[in-house]
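Peer 1:
Chains as they are written, first to last, in UniProt numbering: chain A, 1 to 314; chain B, 1 to 288.
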């Protein structure tokens with residue numbers, strides 16, 4: 001658990017009395033009683049989130065087809081089908097590529113940009129507004145923006161033609177060489193700025209003075225950034241890298257669905273999109289949920305790995 | 001919670017080294033890459049296709065507000081905005097009702113039960129709801145709420161609970177216990193304490209939680225699509241917007257206008273509550 005950059009003000013306590021023995025008695029009586037207040041929220045959470053998540057494992061071992069058809073237990077047969085399917089391996093390799101490219105670029109550039117903001121450069125306020133404005137865009141808004149920018153007559157191709165690079169113009173979303181890179185760029189586009197804001201807030205709250213001191217001692221910005229600042233927030237970088245990994249892994253379906261529908265061909269299929277199409281378009285819920293289990297396990301293993309590599313030094 | 005070190009920090013003017021010069025250039029190129037598409041969106045919303053395709057960056061030769069009217073009527077955006085508002089407000093009210101007592105319970109209990117609940121919620125925050133999309137649909141069908149906005153409300157509340165409860169509980173821990181003990185001695189029961197003492201004191205944290213959930217719920221796409229569907233009487237703005245692509249094949253001006261309309265509520269909120277909104281977004285991510 002990391003800490004907020006802003007802490008609630010210490011509250012004045014009018015009418016507070018020093019608690020003596022009364023306090024201890026109240027305390028023991030309440031040890032678990034107070035927690036009962038959390039039960040409605042907890043039950044809600046279990047019914048709508050934990051329950052469905054557990055059901056993924058059950059459904060992965062049933063032969064469900066459509067949303068209304070009855071289904072029976074079939075053991076691991078869905079997994080056999082999944083692992084024998086070239087489409088699954090295509091989706092797997094695309095997802096792996098996406099993770100290996102998006103997560104490191106986003107975290108490294110986000111950290112560097114965050115360090116830049118932390119130095120309070122000229123117009124830092126304007127930059128912050130620009131970064132925030134972009135992080136408020138919803139997935140479907142971002143997709144619509146990129147859909148217009150990348151259309152055959154869109155702004156990107158116009159700019160390329162204007163500078164004499166007609167050879168590079170293409171129909172970005174319908175070209176199997178560019179479809180997946182576009183999906184990654186949509187994530188990176190606004191994501192880097194948002195992570196920068198998080199990192200700069202964290203740097204400001206934990207290590208302002210120390211970095212300052214290292215600068216006075218004659219460290220260049222490059223050394224000060226990686227040797228001092230990075231060390232101070234390494235655990236936090238690990239948390240953000242882990243979250244970004246999970247978001248990219250689980251949520252790529254939205255961009256793919258809105259922009260390329262996995263195509264052209266299978267060039268932009270990802271695991272999370274495969275779960276969506278198999279369940280809702282191809283009526284193969286057993287297959288879909290077997291992929292869901294693979295995705296979930298990948299998520300847990302990846303998150304543990306990232307956390308153990310980027311541990312806090314303190 | 002660490003005390004903000006901001007106040008103590010002396011301002012440092014970055015010295016102009018070649019590296020720093022390069023950094024300025026690269027950062028502003030990136031900023032331009034973020035702003036130009038939004039500018040393009042804005043000017044496109046006032047143009048027709050010919051104008052967009054011939055000179056995407058140029059200011060509109062004449063301001064064609066009819067794109068906005070078209071976007072509004074083609075997608076029944078009025079209904080979609082109402083559906084989004086219904087879902088968002090409904091969920092926010094329920095979030096307040098269940099999260100405040102839960103946060104209080106966790107903040108004031110030091111037994112195993114409170115710990116168990118808090119740990120589970122913290123873990124739950126890590127896994128995006130999308131992971132269980134298909135079983136969620138079955139749950140909706142089972143409750144007889146498939147294709148309704150009401151299930152979306154229930155679902156979004158569940159999605160918001162982990163972060164809302166954890167943020168509120170951390171804030172409540174900073175409230176001195178003596179306040180509560182004094183009230184107990186004077187005969188107030190737990191419910192009165194919660195409403196009269198904690199209620200007013202947690203307002204700042206509650207504002208953060210409400211804003212954060214507002215952004216998340218208003219912007220949510222895939223669950224809204226799968227559960228509420230794309231028929232006019234249940235779909236949210238996020239689901240209605242992309243229908244402009246298939247519906248109005250390649251009328252980019254109309255698409256841009258529709259996109260801008262869906263952005264208005266969130267951006268208006270940002271304009272009015274800039275600092276609070278920024279804090280909400282930051283604390284939302286920092287709680288992982």
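Note that CB positions come from ideal geometry on N, CA and C, so glycine has one too.
Where does the unbroken alpha helix (DSSP H) through residue 271 of chain A begin, and where does it stop?
Peer 2: In the first chain, the residue the question calls residue 271 of chain A occupies position 271. Element bounds for residue 271 of chain A: 271 to 280.
Peer 1: Taking a Cβ distance cut-off of 7 Å, strictly less, list which residues of the region 234 to 249 of chain A are near chain B, in chain order.
Peer 2: Those residues of the region 234 to 249 of chain A that come within reach of chain B (Cβ to Cβ, closer than 7 Å) are 239, 243, 246, 247.
Peer 1: In whole angstroms, what is the alpha-carbon distance linking residue 264 of chain A and residue 177 of chain A?
Peer 2: Stepping through the first chain from its first residue, residue 264 of chain A is reached at position 264. Stepping through the first chain from its first residue, residue 177 of chain A is reached at position 177. Distance between the alpha carbons of residue 264 of chain A and residue 177 of chain A is about 9 Å.
Peer 1: State buried or exposed for residue 19 of chain B, treating a residue as buried only when at least 16 other CB atoms are found within 10 Å of its CB.
Peer 2: Here residue 19 of chain B refers to the residue found at position 19 of the second chain. The residue is exposed, with fewer than 16 neighbouring Cβ atoms inside 10 Å.
Peer 1: Between which two residues does the alpha helix (DSSP H) holding residue 54 of chain B run?
Peer 2: Looking up residue 54 of chain B in the second chain gives position 54. That run of the alpha helix (DSSP H) goes 49 to 54.
Peer 1: Determine, using beta carbons only, whether residue 51 of chain B comes closer than 8 Å to chain A.
Peer 2: Stepping through the second chain from its first residue, residue 51 of chain B is reached at position 51. Judged by the 8 Å Cβ criterion, residue 51 of chain B is not in contact with chain A.
Peer 1: Which word fits residue 95 of chain A, buried or exposed, when buried means at least 16 other C-beta atoms lie within 10 angstroms of its C-beta?
Peer 2: On the first chain, residue 95 of chain A is found 95 positions in, with the first residue counted as 1. Burial call: buried.
Peer 1: Under 8 Å, Cβ to Cβ, is there at least one residue of chain A near residue 196 of chain B?
Peer 2: Indexing the second chain from 1 puts residue 196 of chain B at position 196. No - not a single Cβ of chain A is within 8 Å of the one on residue 196 of chain B.
Peer 1: Is residue 152 of chain B close to chain A? Criterion is C-beta to C-beta, closer than 8 Å.
Peer 2: Translated into the one-based positions of the second chain, residue 152 of chain B becomes position 152. Chain A, which has no Cβ nearer than 8 Å to the Cβ of residue 152 of chain B, makes this no.
Peer 1: Among residues of its own chain, excluding the 5 on either side of residue 11 of chain A, which ones have a beta-carbon nearer than 8 Å to its beta-carbon?
Peer 2: On the first chain, residue 11 of chain A is found 11 positions in, with the first residue counted as 1. Any reading at residue 11 of chain A needs caution, since the residue's pLDDT is 36, under 50, leaving its predicted position unreliable; the model's value is listed next. No residues qualify anywhere along the chain.
Peer 1: How many Å lie between residue 37 of chain B and residue 286 of chain A at the Cα?
Peer 2: The sequence position of residue 37 of chain B within the second chain is 37, counting from 1. The sequence position of residue 286 of chain A within the first chain is 286, counting from 1. Approximately 41 Å between the Cα atoms of the pair.
Peer 1: Alpha carbon to alpha carbon, what distance is there between residue 192 of chain A and residue 82 of chain A?
Peer 2: As a position in the first chain, residue 82 of chain A is number 82, starting the count at 1. As a position in the first chain, residue 192 of chain A is number 192, starting the count at 1. If you take the alpha carbons of residue 82 of chain A and residue 192 of chain A, they lie about 34 Å apart.
Peer 1: Determine whether the Cβ of residue 192 of chain B lies closer than 8 Å to any Cβ atom of chain D.
Peer 2: Of the chains in the structure shown, none is chain D; the protein chains are A and B.
Peer 1: Please identify, using Cβ separations under 7 Å, the residues of the region 79 to 109 of chain B that lie next to chain A, in order along the chain.
Peer 2: Answer in chain order: 98, 99, 101, 102, 104, 105, 106, 108, 109.
Peer 1: Any idea what DSSP makes of residue 73 of chain A, helix, strand or coil?
Peer 2: Here residue 73 of chain A is taken as the residue at index 73 of the first chain, counted from 1. Of the three classes helix, strand and coil, the one that applies to residue 73 of chain A here is strand, per DSSP.
Peer 1: In three-state terms, what does DSSP make of residue 251 of chain B?
Peer 2: For this step, residue 251 of chain B is matched to residue 251 along the second chain. Residue 251 of chain B falls in the coil class under three-state DSSP.
Peer 1: Answer with buried or exposed for residue 115 of chain A, where buried requires no fewer than 16 other C-beta atoms within 10 angstroms of its C-beta.
Peer 2: Taking the first residue of the first chain as 1, we reach residue 115 of chain A at position 115. Buried, because 16 or more other Cβ atoms sit within 10 Å of the Cβ of residue 115 of chain A.
Peer 1: Please decide whether residue 221 of chain A counts as near chain B, where near means a Cβ-Cβ distance under 8 Å.
Peer 2: The residue given as residue 221 of chain A occupies position 221 in the first chain. Answer yes: the Cβ-Cβ gap between residue 221 of chain A and chain B drops below 8 Å somewhere.
Peer 1: Give a yes or no on whether the minimum CB-CB distance between residue 92 of chain A and chain B is below 8 Å.
Peer 2: What you label residue 92 of chain A is simply residue 92 of the first chain in a count that begins at 1. Cβ-Cβ to chain B under 8 Å: no for residue 92 of chain A.
Peer 1: Do we get a CB-CB distance below 8 Å when we pair residue 203 of chain B with the residues of chain A?
Peer 2: For this step, residue 203 of chain B is matched to residue 203 along the second chain. Judged by the 8 Å Cβ criterion, residue 203 of chain B is not in contact with chain A.
Peer 1: Closer than 7 Å, Cβ to any Cβ of chain A: which residues of the region 272 to 284 of chain B, in chain order?
Peer 2: Under the 7 Å Cβ criterion, the region 272 to 284 of chain B contributes 278, 279, 281, 282, 283.
Peer 1: Counting pairs of Cβ atoms below 8 Å between the region 94 to 110 of chain A and the region 233 to 248 of chain A, do you hit three or more?
Peer 2: They touch, by the three-pair rule.
Peer 1: Using a C-beta to C-beta distance shorter than 7 Å, which residues of chain A count as neighbours of residue 189 of chain B?
Peer 2: As a first step, residue 189 of chain B is located in the second chain; it is residue number 189 there, counting from the start. Chain A residues near residue 189 of chain B: none, gap ~12 Å exceeds 7 Å.
Peer 1: Mind listing the chain B neighbours of residue 287 of chain A? Cutoff is C-beta to C-beta under 9 Å, in chain order.
Peer 2: For this step, residue 287 of chain A is matched to residue 287 along the first chain. Near residue 287 of chain A there are no residues of chain B at all, since even the closest Cβ is about 11 Å away, more than 9 Å.
Peer 1: Can you find a CB in chain A that lies within less than 8 Å of the CB of residue 58 of chain B?
Peer 2: Mapped onto the second chain, residue 58 of chain B falls at position 58. Not one chain A Cβ lies under 8 Å of residue 58 of chain B.
Peer 1: Identify the continuous alpha helix (DSSP H) that holds residue 180 of chain B and give its terminal residues.
Peer 2: As a first step, residue 180 of chain B is located in the second chain; it is residue number 180 there, counting from the start. Where residue 180 of chain B is concerned, the enclosing alpha helix (DSSP H) stretches over 177 to 185.
Peer 1: Between which two residues does the alpha helix (DSSP H) carrying residue 131 of chain A extend?
Peer 2: On the first chain, position 131 is the one that residue 131 of chain A refers to. Residues 124 to 135.
Peer 1: Taking 8 Å as the cut-off, decide whether the C-beta atoms of residue 146 of chain A and residue 100 of chain A are in contact.
Peer 2: Translated into positions along the first chain, residue 146 of chain A becomes position 146. Translated into positions along the first chain, residue 100 of chain A becomes position 100. No, these two residues do not count as a Cβ contact at 8 Å.
Peer 1: Closer than 8 Å is the cut-off here; do at least three beta carbon pairs connect the region 157 to 176 of chain B with the region 93 to 103 of chain B?
Peer 2: The region 157 to 176 of chain B, when compared against the region 93 to 103 of chain B, does touch it at the 8 Å Cβ threshold.
Peer 1: Quickly, what does DSSP pair residue 289 of chain A with across the bridge? List them, please.
Peer 2: Residue numbering aside, residue 289 of chain A sits at position 289 when the first chain is read from its first letter. DSSP output for residue 289 of chain A lists no bridge partner at all.
Peer 1: Are the C-beta of residue 251 of chain B and some C-beta of chain A separated by less than 8 Å?
Peer 2: As a first step, residue 251 of chain B must be located in the second chain, where it is residue number 251. It does not: the Cβ of residue 251 of chain B has no partner Cβ on chain A nearer than 8 Å.
Peer 1: Could you tell me the distance, in whole angstroms, from the CA atom of residue 175 of chain B to the CA atom of residue 232 of chain B?
Peer 2: Translated into positions along the second chain, residue 175 of chain B becomes position 175. Translated into positions along the second chain, residue 232 of chain B becomes position 232. Going from the Cα of residue 175 of chain B to the Cα of residue 232 of chain B covers about 47 Å.
Peer 1: Check whether the region 133 to 143 of chain B and the region 218 to 234 of chain B touch, using three or more Cβ-Cβ pairs below 8 Å as the test.
Peer 2: The answer is yes - the region 218 to 234 of chain B touches the region 133 to 143 of chain B, with three or more Cβ pairs under 8 Å.
Peer 1: Please confirm if residue 9 of chain B has its CB atom under 8 Å from at least one CB of chain A.
Peer 2: By one-based count along the second chain, residue 9 of chain B stands at place 9. At residue 9 of chain B, the pLDDT of 42 sits below 50, so the modelled position is not reliable and the matter cannot be decided from this model.
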